[in-house]
Amino acid sequence: MPESQRLLRAGALFICSEGPIMVWACSTSTSDRLAHARRLWPRVHLFSFTYGIPVRVPPRIGAASLVHGLTALALVSEAAPVRPGDTVLVHAVAGGLGLWLAQACKARGAVVLGTTSSAAKAAVARTHGADHVILRLYRDEGVDVGERVLELTGGPGVHAIFDGIGRDTFATNLKAIRAKGTIVVLGTVSGKLEPFDPEVVYEKSVKFVYPS
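Numbering-wise (UniProt numbering), the sequence shown opens with residue 1 and increments by one.
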């Protein structure tokens, strides 16, 4: 395969097995297990977009982990940089991305608060780094999540909020965030945010981030 060999020498690799997501490197003397991270799945993948999969991690899990894993790392390092001693709130903390965010924030030394809708989900979240989990149904009037967050933080609120819910959590986020905190909107499953007067964030100097 002369064309493939030319690409390999140029620092790229081609898929040998395991479908469009798993990649086996053909440029080394041994078959290293790699996964690539690209929005589209071309036939040829640059080494700069590939990552080694540890032996203890099953190939399919390693490949599938890149999407949520890299998203979570980007959110906690760029959208709202999480630092040791910070307190953060992760909505839908027991979901796929929520669990990644909980672990990433915990690894950075943060206290992790989360919201979810059942005791079973709360138990899962706690095993993945959540220190406190607030149970609620997002359209239920019975739980004031903002007040609970203020109680857990002793009054000031959290440094950052990672919110994939959207419209239903807008008012809660404004109550739960502390002065100069950052609200990261990473999804709108309950509906897009309604237009709002910027004056509502003036008092706390809150930053809204909606990363692509």
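Quick reminder that beta carbons are idealized off the backbone N, C-alpha and C, glycines included. Only a predicted model underlies this, so the values are computations on that prediction, with no experimental measurement involved.
Remark: C-beta atoms of Ala125 and Ala176 do not approach each other more closely than 8 Å. Looking at the backbone, the Cα of Leu75 and that of Val184 are separated by about 8 Å. Measuring C-alpha to C-alpha distances from Ile161 to each of Gly154, Tyr210, Pro54 identifies Tyr210 as the nearest. In the DSSP assignment, Leu89 is bridged to Leu113, Ile161. The residue from Pro195, Thr169, Ala80, Leu186 with its alpha-carbon nearest to that of Leu97 is Leu186.
When DSSP reads this structure, Ile177 sits in a beta bridge with Val158. In the three-state reduction of the DSSP assignment, Ile61 falls in the helix class. In the structure shown, the three-state DSSP call for Gly187 is coil. Looking at the DSSP output, Phe208 bridges to Ile183. In the structure shown, the three-state DSSP call for His68 is helix.
Annotated three-state conformation of Leu75 is helix, per DSSP.
Val143 sits away from Thr116, with the two beta carbons spaced by 8 Å or more.
In summary, Lys121 is buried, with 16 or more beta-carbon neighbours lying within 10 Å of its beta-carbon over all protein chains present. Between the segment 81–94 and the segment 53–69 there are fewer than three inter-stretch CB-CB distances shorter than 8 Å, so the stretches are not counted as touching. Taking all protein chains in view, the Cβ of Val88 is crowded by 16 or more other Cβ atoms within 10 Å, so the residue is classified as buried. Val158 places its beta carbon less than 8 Å from that of Gly181. When C-alpha distances from Leu66 are compared across Ser77, Glu78, Gly52, Ala79, the shortest belongs to Gly52. Note that the C-beta distance between Leu135 and Ala119 is below 8 Å.
Rounded to the nearest whole angstrom, the C-alpha separation of Ser190 and Pro54 is 37 Å.
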